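There are 2 protein chains.
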Amino acid sequence: METDTNSPQTQSPHPRLLRTLPDLRELMSALRAQGNRVGLVPTMGALHAGHLSLAKKSCRNCDATVVTIFVNPTQFAPNEDLDKYPRTLTRDLELLGELGVPYVFAPTEATIYPDGFSTFVQPPDVAGSLEGSSRPDHFRGVATIVLKLFQLIPADIAYFGQKDYQQCLVIRRMVEDLAVPIEIDVCPIVREPDGLAMSSRNRYLTAEERQQATAISRALQQASALADQGESQAEVLREAMRLDLAQAGISRIEYVEVADADTLRPLERIEGPAVALIAAFVGKTRLIDNWLLQ
Amino acid sequence: METDTNSPQTQSPHPRLLRTLPDLRELMSALRAQGNRVGLVPTMGALHAGHLSLAKKSCRNCDATVVTIFVNPTQFAPNEDLDKYPRTLTRDLELLGELGVPYVFAPTEATIYPDGFSTFVQPPDVAGSLEGSSRPDHFRGVATIVLKLFQLIPADIAYFGQKDYQQCLVIRRMVEDLAVPIEIDVCPIVREPDGLAMSSRNRYLTAEERQQATAISRALQQASALADQGESQAEVLREAMRLDLAQAGISRIEYVEVADADTLRPLERIEGPAVALIAAFVGKTRLIDNWLLQ
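In structure tokens, the structure reads:
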């Protein structure tokens, strides 16, 4: 059939882009009325292979997938990178189109936070340490936008990346505490070949910083290896990670922790499920990563 | 048919009483699958004619009505009347049965607030004054339980009484801010023949206090009459109400306010929709009431 030269490989349809609440509500009503299983992938855009792994899983397991793209201002402190956070909507839509994602919701700030908006979710206790210490109102903003997205998009399941480990615990506990009727699926961290965890902020790094940044995942992997070899003193693992970072010239460390995998309480001895977590600046870029310890 | 002597008048069926989340979820799935319009009436029990007016309206306008009965501990301060708050479940079920309410959800405290519960709703700005000043964490508790009930019972519409005027504004704003998919219907205050607003706490009053308490609604009605006569100075109305209360011997006043009907900001001049509100102790019992000014 020579008149039809478009194969699915050469031209992927873009997802349908929804911008307003009425459009979104109409879509959700239709999807629910048809009895679809709906998957939700909340993102701040600037999509990388980590995000795409979530979207792929949703497309595989659900009848309809909604990816949201919204750089949520309430989770950034005034001194943080809200203004320079990468916004790449056109490219994001192409990438999602290639995966066959049918719907993208990308609201404006005024749509999500209209005049007079003043209700927030006070996140659960697990939000208090680590990222919550470094970024005091961060999880309040995260919990609020995620709860609002869960109201706007009554999906069956929502996909999050383990890269934001504490965020996943905050969301799981919020959903449980408030009985939000949605399943939370936490998916594995996607890494560059050299181990660096995928992050939209990696594009801030210079070539030299990019090289330096690999020390973070190396330190975590090293801690995991020590634990595998039977080292149960958490401070030994923390000290080893600090040394790895120092040797790579990473000096501005926000935390290096070995904590209970569920509560994030710092451990003395590793006796059950645990997680190693790092937050550190490489140049001016704040990076986080984590590794489950068995 | 002499073998069937039970008429609906002589024996009303009790509502079905649900105690657990699995039972509730099963019911809600069935109701939604059948396409029912569901009405929700959240209460703390000790039902009076005010509550019953909400349940009646829900039964009239919805296919299925769920009344919840839960004395919510997080909205009481340690010095308040949580322990002595009246609990009259058997009588409540009888009253709801007489109205034909089909479902009552009355969970235990551990069902709503399991171990480790720590997520709360930080209520909107309108929660800050009046009751929010007198009872600092009250609206945090109210917003949290109401949001959780809205997640557990995905109703089309929820009914609240105007008696808790500020609470209604808090809930409306929360629902708007967080995009909770439910309609809020605020229903008129039901009063005793002498004007006293119905309240579960009225049963705390001695005969003498019961008489004294009527001064609250008289003061509000008086303020409304003054406004109707063209008095637009809010302080004149407040002063008149304070005098009414003083003359009745009510001296422990928490607030006497004339405020914007939407924002609850105190007014100097009445130029649009306004509301007069009183909170005062009669004996040891704290009573509230309000009156819309046209």
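Listed in order, the protein sequences are those of chains A and B. The first sequence begins at 1 in the numbering used here and counts up by one. The second sequence begins at 1001 in the numbering used here and counts up by one. Positions of the beta carbon are idealized from the N, C-alpha and C atoms, including for glycine. This structure is a prediction, so every number in the text was calculated from the model and none was measured.
Residue i versus residue j: straight-line alpha-carbon distance, rounded
i, j, result
"A/Gln34", "A/Ala227", "49 Å"
"B/Gly1141", "B/Gly1132", "11 Å"
"A/Phe70", "A/Arg286", "20 Å"
"B/Thr1065", "B/Gly1050", "16 Å"
"B/Arg1265", "B/Asn1290", "15 Å"
"B/Glu1002", "B/His1048", "Because the pLDDT at B/Glu1002 is just 39, under 50, the model does not fix this residue reliably, and the value given afterwards should be weighed accordingly. The alpha-carbon atoms of B/Glu1002 and B/His1048 are separated by roughly 36 Å."
"B/Asp1092", "B/Thr1068", "11 Å"
"A/Leu178", "B/Leu1243", "45 Å"
"B/His1138", "B/Pro1181", "24 Å"
"A/Val170", "B/Val1236", "50 Å"
"B/Met1044", "B/Glu1268", "36 Å"
"A/Asp185", "A/Ile157", "7 Å"
"B/Leu1293", "B/Ser1251", "24 Å"
"B/Pro1078", "A/Gln167", "32 Å"
"B/Tyr1159", "B/Thr1144", "17 Å"
"A/Leu24", "B/Met1174", "20 Å"
"A/Val281", "A/Cys187", "Per the sequence shown, the amino acid found at residue 281 of chain A is Phe instead of Val. If I take the Cα positions, the gap works out to 25 Å."
"B/Leu1021", "A/Asn72", "33 Å"
"A/Asp81", "A/Ala46", "14 Å"
"A/Glu239", "A/Pro42", "35 Å"
"B/Lys1284", "A/Lys148", "41 Å"
"B/Ser1224", "B/Gln1162", "16 Å"
"A/Arg19", "B/Pro1114", "38 Å"
"B/Ser1007", "B/Leu1040", "Since pLDDT at B/Ser1007 reaches only 46, below the 50 mark, its modelled position is unreliable, and no value is offered."
"A/Ala219", "A/Thr263", "22 Å"
"B/Phe1105", "B/Leu1089", "11 Å"
"B/Ala1270", "B/Met1241", "It should be noted that the sequence gives Ile, not Ala, for residue 1270 of chain B. Distance between the alpha carbons of B/Ile1270 and B/Met1241 is about 16 Å."
"A/Ile112", "A/Gln151", "12 Å"
"A/Thr5", "A/Glu94", "In this prediction, A/Thr5 scores a pLDDT of 44, lower than 50, which makes its location untrustworthy; the coordinate-derived value is nonetheless stated afterwards. If you take the alpha carbons of A/Thr5 and A/Glu94, they lie about 20 Å apart."
"A/Leu54", "A/Asp83", "26 Å"
"A/Asp164", "B/Gln1212", "59 Å"
"B/Arg1016", "B/Glu1109", "20 Å"
"B/Thr1146", "B/Met1198", "The question names Thr, yet the displayed sequence has Val at residue 1146 of chain B. Rounded to the nearest angstrom, the two C-alpha atoms are 21 Å apart."
"A/Gly272", "A/Glu209", "35 Å"
"A/Ala246", "A/Pro107", "42 Å"
CA nearest to the CA of residue i, picked from the options
i, options, result
"B/Ile1153", "B/Ser1029, B/Arg1265, B/Thr1108", "B/Ser1029"
"A/Val190", "A/Leu93, A/Pro114, A/Asn61, A/Leu52", "A/Leu52"
"B/Gly1195", "B/Ala1248, B/Thr1111, B/Gln1221, B/Met1241", "B/Gln1221"
"B/Ile1288", "B/Leu1130, B/Leu1031, B/Ala1106", "B/Leu1130"
"A/Leu31", "A/Lys56, A/Arg16, A/Asp63, A/Ser58", "A/Asp63"
"A/Ala248", "A/Glu94, A/Ile216, A/Tyr103", "A/Ile216"
"B/Lys1056", "B/Pro1102, B/Asp1164, B/Ile1270, B/Pro1107", "B/Pro1102"
"A/Asn61", "A/Glu183, A/Gln212, A/Glu94", "A/Glu183"
"A/Ser58", "A/Thr111, A/Asn36, A/Pro273", "A/Asn36"
"B/Arg1355", "B/Ala1246, B/Gln1151, B/Glu1109, B/Gln1075", "Residue 1355 of chain B cannot be examined here, being either before or after the span of chain B that is shown, 1001 to 1294."
"A/Val38", "A/Glu192, A/Leu27, A/Ala155, A/Ser200", "A/Ala155"
"A/Tyr85", "A/Glu192, A/Ser200, A/Arg16, A/Glu26", "A/Ser200"
Cross-strand partners of residue i (DSSP beta bridge)
i, result
"B/Gln1122", "A/Phe120"
"B/Arg1286", "B/Phe1281"
"A/Cys187", "A/Gly161"
"A/Ile253", "A/Ala280"
"B/Gln1034", "Paired residues: none, contrary to the question."
"B/Thr1043", "B/Ile1069"
"A/Val258", "A/Ala276"
"A/Gln233", "A/Arg269"
"B/Val1104", "B/Leu1017, B/Val1067"
"B/Leu1293", "B/Ala1274"
"B/Ala1197", "B/Arg1191"
Chain-ordered chain A contacts of residue i [CB-CB under 7 Å]
i, result
"B/Phe1105", "Under the 7 Å cutoff, chain A gives no residues; its nearest Cβ is about 12 Å from B/Phe1105."
"B/Pro1123", "Thr119"
Chain-ordered chain B contacts of residue i [CB-CB under 7 Å]
i, result
"A/Arg172", "Residues of chain B passing the Cβ test: none, with the nearest at roughly 11 Å."
Partner residues on chain B for residue i, Cβ-Cβ distance less than 8 Å
i, result
"A/Ala179", "Leu1021, Lys1148, Gln1151, Leu1152"
beta-carbon residue i near the ligand FAD non-hydrogen atom, thresh 7 Å
i, result
"B/Tyr1085", "The ligand FAD is absent from the structure shown, which contains no ligand whatsoever."
Neighbour flag for residue i against chain E, beta carbons, 8 Å
i, result
"A/Val180", "Absent from the structure is chain E; the protein chains it does hold are A and B."
Three or more C-beta pairs under 8 Å: does that hold for the region 113-126 of chain A against the region 1113-1120 of chain B? These segments touch.
With a threshold of 8 Å, are at least 3 pairs of Cβ atoms found where one atom belongs to the region 204-212 of chain A and the other to the region 226-243 of chain A? Three or more Cβ pairs closer than 8 Å define a contact, and the region 204-212 of chain A falls short of that threshold against the region 226-243 of chain A.
Just checking, does the region 1012-1019 of chain B make contact with the region 1092-1105 of chain B on the three C-beta pairs under 8 Å criterion? Contact between the region 1012-1019 of chain B and the region 1092-1105 of chain B is present: 3 or more CB-CB pairs across the two stretches fall below 8 Å.
On the three-pair Cβ rule with 8 Å, is the region 1255-1264 of chain B touching the region 1275-1285 of chain B? Here the region 1255-1264 of chain B lies against the region 1275-1285 of chain B, with 3 or more beta-carbon pairs under 8 Å apart.
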